[in-house]
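Position 77 of the sequence shown, counted from 1, bears residue number 102 in the numbering used here, the numbering being contiguous throughout.
Each residue gets a CB set at the ideal place from its N, CA and C atoms; glycine is no exception.
Computed from a prediction, not measured in an experiment: that's the story for all the values here.
Worksheet: one structure, shown below.
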Amino acid sequence: MVKRLGITGGIGSGKTTVCRIFRVLGVPVFVADTVARQLMNGDPAIHDAINAIVGKDLYLSGELDRKELAKIIFNRPELLRMVNAVVHPAVLRMFDRWAERSDAPYVIMEAAILFEARADELVDRVATISAPVEERIARVMGRNDLSREEVIRRINNQLEDEEREDQSYYVINNADNEMIIPEILKIHEDMLRLAERDR
Ligand code: ATP
């Protein structure tokens, strides 16, 4: 069966950048966040569930009003948990089906909240991308036009690098001055060996 590598890391750690290199190597990448957004917009059962959880129609424009959803769940973590309990399993089912259909030696799931969503249970190995918090803050502020406080709030909503690293088979240090391509090639070859061994 096709092997599966999970790639995770906090906001601004460089997941997208690292996955771009894996794609160049020919590895199919499933971006969990993108699929979650697609399902929240396009899956009628998920629409109904979200509307039922928040108690109002968030799809008046035809698409999910993400701003309104964020406002409603901002101070209601129990509602966020309920939305996640609908969306996360749906994303994992999509990944499972997508991975099974692939004829590549291995595939990647990229997810910021891989452990939080228990996606680690669906992959053979996990690689965590880590970078110093100050560098992550500067990267995200530069990319998304967010204030320092907004970036820090997002970082604080996720696990810390160390917690992710403790549960990961590989760790890629993506500090600004690190060479990540040799690290990525090592992991790629290692995953190919794993796929070859269990073929
Ligand atoms: P998010 O979870 O927010 O989507 P991410 O983990 O996918 O973030 P990227 O989008 O890959 O992170 O990187 C965030 C920003 O930092 C991008 O603008 C990227 O170009 C830049 N960046 C990534 N790695 C490095 C690096 N080693 N040195 C300098 N800048 C970097």
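C-alpha of residue 212 to C-alpha of residue 77: approximately 43 Å in a straight line. Using a Cβ distance threshold of 8 Å, residue 27 and residue 151 do not count as a contacting pair. With a cutoff of 7 Å, residue 38 counts as near the ligand ATP, since its C-beta is closer than that to a heavy atom of the ligand. Distance between residue 199 and residue 81, taken at the CA atoms: about 42 Å.
Note on residue 65: 16 or more other CB atoms within 10 angstroms of its CB, so buried under the neighbour-count rule.
Counting the other CB atoms within 10 Å of its CB gives residue 204 a total below 16, which places it among the exposed residues. Residue 35 and residue 60 have their C-alpha atoms some 18 Å from each other. In terms of side-chain proximity, the C-beta atom of residue 165 is found nearer than 7 Å to a non-hydrogen atom of the ligand ATP. Relative to the ligand ATP, the nearest heavy atom lies less than 7 Å away from the CB of residue 34.
The nearest non-hydrogen atom of the ligand ATP is less than 7 Å from the C-beta of residue 199. Excluding five sequence positions before and after residue 84, the CB atoms of its chain that fall closer than 6 Å to its own CB belong to 72, given in chain order. Of the candidates 49, 149, 114, 114 places its Cα closest to the Cα of residue 58.
Residue state for residue 167 is assigned as helix, using DSSP reduced to three classes. Beta bridge pairing from DSSP links residue 155 with 198.
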